[in-house]
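Novice: Per my numbering: the sequence shown = residues 264 to 561. No residue lacks a Cβ here, since even glycine has one placed at the ideal position from N, Cα and C. Given the structure is predicted, the values throughout are model-derived calculations rather than measurements. The structure is given below, and queries will be raised subsequently.
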Amino acid sequence: MVPPGLRCFLAVAQAGSMREAAQRLRLAQSAISRRIQQLEEDLGVQLLERGARGVALTPAGEILLHHGREATHLTERLRADLDALRGVRRGHVVLRLVESFAACGLANALASFRSAYPAVTLDIAVVGSAAILAGLQERTCHLGVAFNPPADPEVEVLASAAEPLAVMLAPHHKLAGATTLTLADLVGMPLVAPSHLGSSRALFDTACRAARVPIRPVLETNSAHVAAGFVADGKGVAVMVPRVLALQVEQGKVKAIPLTDPLLNGSRIALLARRGRRLPAAAEALSASLARVLEQAA
């Protein structure tokens, strides 16, 4: 129900280039260009500024982007309501989440959701918390699961659970017998820290400054596999969310020791949606499944 020209324009605006939009829509780049040119002629305004490095929105394009997203979501809601009237459970849900929840929690939520809504298609990607908030604000995703999201008037917290950072180490490590640790206990040890791509790293750095502990990680990574290999081999320790290495902890390859530092104990993981946005039925159902997982963790 969204006109082809508008659909192409929205794809280009989101992707930032004709080429990327063509790949996403599985259309020829020339076809997308023609449809947008026709849309510009119909509206009597230029929507895109085309350059060698991609495209940029004109002021008219910015206005159309806002209204186009609204029209897309109204169409999406209309289809969901009509499907509900017919007793059909289908739709498409876009979810963006941090790696910790993707590693532990997502599978349980999807298992119950898929059994009830087998015809619903999903678009799930692991990104940073900042990108999740941006996606919700720009309406490019229905739901997000973020780590320590800042308060935002445009974003609503649907459910949350404590998500403290901990020291991850090998079972044979000399600190493995401790019941709790502090950042000061880790001074001088080879340490893995989250990369600067994630919000947990900012929290870690803030906690180190507050505790006046001079810790310089020997390895920074946003890969759970890299961190797990480093820690399990006894090469060092890691400060991260235990959920990221939940499988290794369950297998006995890695042990999690709680940290007593207040800043690292107060973090949370939250299920988010854009405030005031009426979600399609399928997105509401997935939201309920995700919320149940977080409530169980709490």
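Candidates 453, 522, 337: which alpha carbon is nearest residue 429's?
Specialist: Working through the sequence shown from its first residue, we reach residue 429 at position 166. Cα-wise, what sits closest to residue 429 is 522.
Novice: Going along the chain, which unbroken runs of the beta strand (DSSP E) with 3 or more residues stay wholly within the stretch 471–517?
Specialist: 482–484, 500–503
Novice: Quick one: using the 10 Å Cβ neighbour count with 16 as the cut-off for buried, is residue 378 buried or exposed?
Specialist: Here residue 378 is taken as the residue at index 115 of the sequence shown, counted from 1. Residue environment analysis places residue 378 among the exposed positions, since fewer than 16 neighbouring C-beta atoms fall within 10 angstroms of its C-beta.
Novice: Pick out the complete alpha helix (DSSP H) segments inside the stretch 391–427, 4 residues or longer, and give them in chain order.
Specialist: 392–400
Novice: Helix, strand or coil for residue 330 per DSSP?
Specialist: Stepping through the sequence shown from its first residue, residue 330 is reached at position 67. Helix at residue 330.
Novice: For residue 407, count neighbouring Cβ atoms within 10 angstroms of its own Cβ and tell me buried if that reaches 16, exposed if not.
Specialist: Translated into the one-based positions of the sequence shown, residue 407 becomes position 144. Looking at its Cβ environment, which holds 16 or more other Cβ atoms inside 10 Å, residue 407 is buried.
Novice: Cutting at 8 Å between CB atoms, please list the residues of its own chain near residue 514, excluding the five before and the five after it.
Specialist: Along the sequence shown, read from residue 1 onward, the residue named residue 514 stands at position 251. Excluding positions up to five away in sequence, the list is empty.
Novice: Taking the beta strand (DSSP E) that residue 457 belongs to, which residues open and close that run?
Specialist: For this step, residue 457 is matched to residue 194 along the sequence shown. Here the beta strand (DSSP E) through residue 457 covers 454–457.
Novice: Please work out which residues of its chain come closer than 7 Å, Cβ to Cβ, to residue 494, disregarding the five sequence neighbours upstream and downstream, and give them in chain order.
Specialist: For this step, residue 494 is matched to residue 231 along the sequence shown. Its chain contains 431, 432, 433, 455, 500, 501, 517 as the residues whose beta carbon lies nearer than 7 Å to that of residue 494, once the 5 sequence neighbours on both sides are disregarded; these appear in chain order.
Novice: Which whole-angstrom value describes the C-beta separation of residue 288 and residue 335, a residue pair presumed to lie in contact below a C-beta threshold of 8 Å?
Specialist: For the purposes of this step, residue 288 is taken as residue 25 along the sequence shown, with counting starting at 1. For the purposes of this step, residue 335 is taken as residue 72 along the sequence shown, with counting starting at 1. Going by Cβ atoms, the distance from residue 288 to residue 335 rounds to 14 Å, so no, they are not a contact pair.
Novice: Is it buried or exposed, residue 302, if we count other Cβ atoms within 10 angstroms and call 16 or more buried?
Specialist: Within the sequence shown, residue 302 is the residue found at index 39, counting from 1. Buried, since its Cβ has 16 or more Cβ neighbours within 10 Å.
Novice: Would DSSP call residue 384 helix, strand or coil?
Specialist: By one-based count along the sequence shown, residue 384 stands at place 121. It is a strand residue.
Novice: Does the stretch 317–328 come into contact with the stretch 361–374, if we say contact requires no fewer than three beta-carbon pairs (one atom in each stretch) closer than 8 Å?
Specialist: Touching, no, given that fewer than three Cβ pairs across the two stretches are closer than 8 Å.
Novice: Which of helix, strand or coil does DSSP assign to residue 318?
Specialist: Taking the sequence shown and counting its residues from 1, one reaches residue 318 at position 55. Strand.
Novice: Kindly identify the DSSP beta-bridge partner or partners of residue 444.
Specialist: Along the sequence shown, read from residue 1 onward, the residue named residue 444 stands at position 181. Paired residue(s): 522.
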